[in-house]
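Report on the following structure.
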Amino acid sequence: MSQSQDSSDTGLTAENSKTDKDSEPPQSSQSVELSNQKPKRTSSATLQCPICNEAMISIHQLNRHIDDTHVESADTQKGREDPSSKLTTNEIVGNDIKSWIKKKLPAEPTSLFSPGKRKTINLDLLDGNRGFGLSDSLNDASKSPRSKEQLPMELLPLKSVSPRNSRTNEITRSHWRQPSINGALSCSHPSCKRTLNIKNGIVNCRKCGNLFCNEHTHCKVRLRNPEPGEGKLPLYDCTANGVWCRSCETCYLNKPDFVAGVEVTVNDVTVQFQQKRSEFIDTKTLRRIKIQKRFIKNANLITERFVANSRASFWNGFSLSAFNSKNDPLIAQQKQLVGSDNWQDDSITHCAICFTNFNFLIRKHHCRLCGRLVCNDPDGERMYCSILLPITSFIEKLPTLNYANLVKQNLPKMLEVPPESQDRISLRCCVDCKNDLLHSWKVSDELRQESDREIFTIYNGILVLKNTISTLLPRYRKLVEEISQSDADADRLDLNKARLRLMSALKDFEGASTRFRTQFLKLQDGKLCIKNEYSNHKQLVLNMYQSTIMFLQDNLETFKSLNAKIQENEKKTIEKMEAGVQQTERPRLTKREVREKREKLMVMKEQAFIVENLIDSATKQRKFDEIDLLLGNKNELAKEIAVLEEELGDEGF
Amino acid sequence: MTLNLAKVRDTYFDQLFFKNKKEGDANDVLAKVLLLDRTTTSVVSMCYTQTQLLQQEIVLIELLENQDQLSYMKHMNCIVYIKPTVASISALAKELRNPHFKNYRLFFNNMANKSQLEQIAEADDYELVQRVVELFQDYLTINDNLFTLDIPRDVANPFIEESNCLISLLLSLKKCPIIKFDSNSLSAKKLSSELLYAINSNSNNNLFEDLNKKSDRPPVLLLLDRKCDPITPLLMPWTYQSMIHEIIGIDKNIVQLKLAKEPITLSDSHDVFFKESIYLNYGDLTDKFQKYVEDYKKQTKLSSIENLKTQNLVELKNMLTKFPQFRKLLNNILKHLNIISEIDNHISAQNMWEIGELEQIIASNLESQASIKPRLLSILETSSCSTTNKIKLVLLYMARFHAYSDLETFISRLENPGFTSPPPSASQISLMKSFGKRFNTGGLFETSSHNTNNISNLFNKKISINQLFNSSNNRTQPDNVFMQYIPVLNDILSPIIRPSNQAHETVAKLSTLVPDAVKNQYGNVNSNEPAQDIIVYIKGGVTYEEARLVHELSASNPSINVLLGGDKVLNSSSWLHDLYDATNDEEAHLAERADRKAQLRELL
Ligand SMILES: [Zn+2]
Ligand SMILES: [Zn+2]
Ligand SMILES: [Zn+2]
Ligand SMILES: [Zn+2]
Ligand SMILES: [Zn+2]
Ligand SMILES: [Zn+2]
């Protein structure tokens with residue numbers, strides 16, 4: 001850790017050793033058992049910096065450290081005479097060197113301490129009266145008017161040993177704000193009024209350079225120097241290369257992780273999935289094509305034999321024995337079709353699909369499309385392993401395949417074969433081959449019965465209206481907001497249009513939801529229930545209705561509040577107008593009055609519509625106290641509407 | 001703020017239900033069905049309300065395992081959200097081979113491995129799957145800073161399962177932490193090495209690489225064992241959420257009141273009053289509730305019929321707009337009224353004021369043994385106090401003073417039917433006898449020479465939270481006697497948040513494990529750097545009081561973020577139950593050993 005330490009404590013800092021934990025010894029209680037992160041520590045007599053407590057190997061190194069870390073750079077110090085920071089290296093050394101020089105501390109493993117990586121001094125800095133950080137213990141000393149003493153020769157830093165490596169180890173200070181020469185400074189923290197002095201601390205935030213008290217620079221961040229073109233301020237560095245530096249709270253809370261806030265992982269693996277799927281689909285398609293080809297050839301062969309047998313007009317009762325016999329030439333042809341490699345040997349004792357042992361009752365059969373040995377299981381006692389089906393039932397489902405003409409010509413005849421004789425035109429295939437063969441038919445299958453068609457037809461209509469409202473409402477809101485910001489009269493037309501459209505959409509939606517209700521729901525014991533004929537979709541229908549009602553209520557609420565906003569706005573402008581223009585008696589309504597009254601009328605009508613809605617739902621829910629209230633409102637509204645309509649007369653709509 | 005489960009919940013909601021909407025895609029105007037498995041049913045029900053789901057056109061929610069009972073509804077789109085277990089994945093494959101719905105969007109609540117993905121890809125013959133996403137939500141969100149794991153009892157390897165759940169938590173928040181664990185706890189140790197292995201070996205998808213890139217220090221996952229603080233769950237808590245759990249019981253955010261038929265759902269995200277009062281102490285809570293009711297009354301008075309007649313139309317309109325709101329508000333008031341009155345009944349019926357005060361006095365070391373003992377005896381002699389409450393007091397007393405000479409007196413009071421009914425059971429008595437010793441050895445506590453009874457360290461003097469963080473906002477300390485006790489978690493967390501030079505007496509002996517990804521980013525991790533993001537997991541159960549502590553820590557100091565979780569949320573009765581079980585197990589074990597010794601002796 002020490003290599004990334006911010007050991008560049010400022011010359012202005014009155015470091016409080018309590019808060020400065022840069023180099024505290026690792027706590028013994030936090031032992032490391034399993035990680036092998038840190039080798040066991042051994043104790044040895046070492047030096048410790050009196051200011052930041054950093055461990056040192058030699059006096060030489062310490063000397064350099066003090067100079068480099070705790071001495072402010074010369075250019076920032078020039079001409080400054082801060083009385084509080086007048087102490088010099090000399091004094092520290094003179095006063096405290098004896099007490100700390102032999103301090104024992106648990107040493108870090110030397111590998112972490114290699115002097116080569118430590119900061120080295122720049123000898124040019126070591127002249128003049130530079131202030132530097134003061135530990136608490138020196139506060140008293142600072143008060144006594146001790147004059148500068150000469151630094152003992154042996155502690156004077158020698159010529160720098162290794163070249164300075166400022167890029168990696170030294171965070172730039174060029175941005176540091178300097179305390180003004182006269183006048184008390186106070187901490188830059190917004191809620192801190194402390195003056196900056198030795199006691200409270202005078203600390204530059206390493207990141208922003210502003211001056212703070214000790215307490216408001218207790219945070220630490222990892223920084224690095226800016227590369228050329230990255231500005232002057234140090235930048236955050238979240239890797240091991242970042243140097244731990246003191247910072248103010250603002251800079252701490254501006255770290256990239258705080259700026260990013262809570263980050264949440266979402267791992268979209270759709271692409272990998274689709275890749276895998278298309279691989280599977282490719283191989284499956286290949287297999288399906290193969291099976292399909294074999295089926296076509298099988299269909300051709302079976303038809304040929306059917307035709308031959310019919311010509312011989314022998315087929316009644318005669319050919320059956322020949323057909324089933326092992327010597328049937330058709331089997332040889334079928335074996336050839338599949339390929340003798342795929343045609344499983346008769347020695348196999350288990351069904352390829354359900355792994356059942358073949359026996360006297362569970363006979364083995366070759367699938368004519370893949371050649372595997374499978375058991376006969378048409379009723380799914382095991383796994384529907386194989387089935388014997390007339391080719392006509394396949395051909396009917398797959399009419400467009402490239403069959404021989406003979407097949408097409410004889411299809412009607414073959415369809416007439418009575419069930420008891422269908423074996424002659426049947427094909428044995430396993431369940432896998434059957435699924436592969438019928439895959440294309442299944443994809444286009446619309447045969448599944450849908451008891452829910454009616455529900456979804458009506459509900460999809462509702463969804464379309466929902467969509468309309470969801471696009472109209474934000475548009476209306478935007479217009480309302482524009483209007484309330486400006487008094488532009490021209491926008492009124494648009495606004496009224498938008499409002500009327502939205503209102504009619506809401507009315508349509510209300511109608512649709514009523515239709516949905518009357519279609520699927522009934523009132524039973526004061527509660528809405530599903531009609532018996534739809535009871536197997538109970539949850540679905542009830543949820544759909546609830547979703548619809550919720551949407552209606554939410555949107556009506558928003559609509560109403562937007563209208564209220566307009567009316568308020570309107571009222572204000574009218575008041576303004578009335579204040580400006582003296583009212584005179586007018587026989588007829590002015591255009592403005594007509595418009596206002598019309599708008600008022602429209603709002604009223606909306607209101608009546610809404611109230612009726614509420615009455616409706618309150619009736620359903622048997623909330624009689626609400627109904628009373630609402631009925632009162634309704635009557636009142638009706639009166640107002642009548643008055644307005646009379647006033648408007650022909651100008652109404 | 002870098003750790004917040006509410007943010008995770010909201011992000012995942014958008015992913016699951018909202019982000020599906022592509023502009024102009026007519027398919028997306030369809031109604032949707034949500035297929036879940038057992039795990040995700042709990043996850044979803046704790047995170048999202050039915051209203052939220054209905055707003056996103058989720059008109060049907062079904063269990064994937066019931067797919068055989070589904071009807072074919074090709075007019076609906078399907079969202080599948082499952083835990084990638086063997087059973088759920090094969091059920092999903094089966095569904096895709098025989099699809100009931102128009103198309104599918106798949107979400108997993110934890111990492112799905114390659115072969116699982118392949119299994120589904122192979123099953124998707126009709127190419128109906130449009131999206132496959134891993135979310136990381138294999139845990140239950142209780143508050144925005146509190147989670148529990150939902151591990152089935154019958155699981156084969158609970159440590160792997162537990163580790164998987166915690167991995168999902170870490171991934172959901174994009175954290176790759178160093179792991180600190182209570183080195184005295186065998187189960188914490190096991191869990192930590194399981195986690196380290198899972199993080200390091202996550203080569204499958206490298207999800208743990210690059211997680212901390214924006215943070216200059218690694219997050220900390222702190223694994224503790226309930227045994228390091230057996231006291232906190234025993235005490236009667238005095239803040240709202242804690243009290244509900246202690247007195248009525250909260251199960252997956254659902255509260256079942258004795259008198260109400262319908263269960264009540266408590267959620268900090270959908271109930272503003274609850275959110276604001278969740279950490280309030282009982283006094284403040286009742287004040288706040290009264291204000292809440294008065295506000296409601298004021299508002300509704302305005303809307304009475306008489307008033308409405310005299311109002312002008314604009315105001316009438318405003319009133320009407322508010323009707324549905326009033327209804328919601330009223331329901332919410334009734335809900336909390338029912339809860340608070342049940343709590344109130346319990347407190348007065350059980351002398352909880354008196355008992356709670358004594359609990360705080362013992363636990364927070366406020367008075368001497370000499371003054372505590374008579375008070376305890378007088379409660380033991382009060383017949384209206386329940387046996388359990390008396391036992392809890394005795395346990396606290398024993399843990400604090402180890403006064404075994406007093407125990408006989410206490411037990412005789414407890415066994416006197418004139419004072420206590422029902423009398424304590426055998427396991428309750430053996431627990432009282434062993435409690436002080438149980439947590440004496442092998443505890444988390446530093447052995448200090450002057451104190452042979454380690455458990456006494458549990459009762460450190462109350463440490464002000466602010467003291468630890470020397471922050472400028474001087475929160476007023478509650479001088480309320482019922483709010484004196486601070487859980488030990490505070491003392492465990494403080495040296496992690498603020499490592500100090502001083503030989504700080506640390507409560508817990510913690511060991512550290514550092515995953516490779518963390519080493520790669522930060523080099524050697526120094527535990528003396530103050531931690532910023534801390535996720536605490538307490539094996540054996542967490543309490544709502546600790547959640548409150550964590551909330552206060554984060555609230556008083558914006559520079560740290562703490563998240564808390566456990567395998568369950570304890571209240572005193574469930575903790576006592578665990579303790580009885582442990583005592584019985586131990587005694588059975590001892591008896592067995594004695595038996596064997598006797599046998600051996602006979603043999604010799
Ligand atoms: Zn130093
Ligand atoms: Zn700063
Ligand atoms: Zn300050
Ligand atoms: Zn079979
Ligand atoms: Zn086959
Ligand atoms: Zn039990």
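These protein sequence lines are chains A and B, in that order. With the UniProt record's numbering applied, the first sequence corresponds to residues 1 to 653, in that order. With the UniProt record's numbering applied, the second sequence corresponds to residues 1 to 604, in that order. Built from N, CA and C at the ideal position, the CB exists for glycine as well.
Of all alpha-carbon atoms in A:Ile610, A:Thr573, A:Glu647, the one lying nearest the alpha-carbon of B:Pro324 is that of A:Ile610. Across the set B:Ile89, B:Ser405, B:Leu3, the C-alpha of B:Ser405 shows the shortest separation from the C-alpha of B:Lys373. Under the rule that a run must span 3 or more residues, the beta strand (DSSP E) segments found entirely inside the region 464-534 of chain A read 521-524, 527-530. Secondary structure note for B:Trp353: its alpha helix (DSSP H) is the uninterrupted segment 352-363. Taking 8 Å as the upper bound on Cβ-Cβ separation, chain A lies near residues Leu171, Ser172, Leu173, Lys174 of the region 150-178 of chain B. Using a cutoff of 8 Å, the CB of A:Glu215 counts as near ligand 3, since one of the ligand's heavy atoms is closer than that. Taking a 10 Å sphere around the C-beta of A:Thr514, we find fewer than 16 other C-beta atoms and assign the residue as exposed. If you check the C-beta of A:Arg477 against ligand 3, you find no heavy atom less than 8 Å away.
Taken in chain order, the whole alpha helix (DSSP H) runs of length 4 or more contained in the region 76-153 of chain B are 86-97, 114-123.
Counting along the chain, B:Val394 sits inside the alpha helix (DSSP H) bounded by residues 387-401. Contact between B:Cys165 and B:Leu149 holds: their C-beta atoms lie close to 4 Å from each other, under 8 Å. For B:Leu60, the neighbours in chain A by C-beta distance under 8 Å run, in chain order, Gln539, Leu540, Asn543.
At least 9 Å separates the CB of B:Ser405 from every CB of chain A.
B:Arg226 sits close to B:Asp578, with the two beta carbons spaced by under 9 Å. The Cβ neighbour count for A:Ala505, taken over all protein chains shown within 10 Å, is at least 16; the residue is labelled buried. Under the rule that a run must span 4 or more residues, the alpha helix (DSSP H) segments found entirely inside the region 411-459 of chain A read 431-443.
For B:Ala363, the CB contacts under 7 Å within the same chain, skipping 5 residues up- and downstream, are Ile231, Leu235, Leu396, Phe459, Tyr485 in chain order. Sorting A:Asn410, A:Gln274, A:Asn613 by C-alpha distance to the C-alpha of A:Leu630 places A:Asn613 at the top. At least one beta carbon of chain B lies nearer than 9 Å to the beta carbon of A:Asp452. DSSP places B:Tyr537 inside the beta strand (DSSP E), whose first and last residues are 533-539. The criterion of a C-beta distance shorter than 9 Å is not satisfied by B:Tyr139 and B:Gly541.
Counting along the chain, no alpha helix (DSSP H) covers A:Asp328, and no H or E run does either. The alpha-carbon of A:Lys276 is positioned some 16 Å away from that of B:Ile89. At least one C-beta of chain B is nearer than 9 Å to the C-beta of A:Ile281. Residue-level contact by beta carbon holds for A:Glu249 and chain B, with a gap shorter than 9 Å.
Annotation: the continuous alpha helix (DSSP H) that includes B:Phe410 extends over 404-415. The C-beta separation of B:Leu377 from B:Arg327 comes to about 53 Å, leaving the pair out of contact by the 8 Å criterion. By the rule that beta-carbons nearer than 9 Å mark a contact, B:Phe419 does not touch chain A. Annotation: A:Arg222 to B:Lys252 spans about 41 Å, alpha carbon to alpha carbon. Any Cβ of chain B closer than 9 Å to the Cβ of A:Asp237 would place that residue at the interface, and such an atom is present.
Of the residues A:Asp268, A:Thr548, A:Val243, the one whose Cα lies closest to the Cα of A:Glu510 is A:Thr548. With a cutoff of 9 Å on beta-carbon distance, B:Asp533 and B:Val220 are scored as near each other. In this structure, the alpha-carbon of A:Glu416 lies about 12 Å from that of A:Ser393.
Between A:Ser547 and chain B, the shortest Cβ-Cβ separation is below 9 Å. Closer than 9 Å at the C-beta level to chain B, one finds these residues of the region 249-263 of chain A: Glu249, Tyr252, Leu253, Lys255, Pro256, Asp257, Phe258, Val259, Ala260, Gly261, Val262, Glu263. For a cut-off of 8 Å, the C-beta gap from B:Leu563 to B:Ile535 is around 5 Å, short enough to register as a contact.
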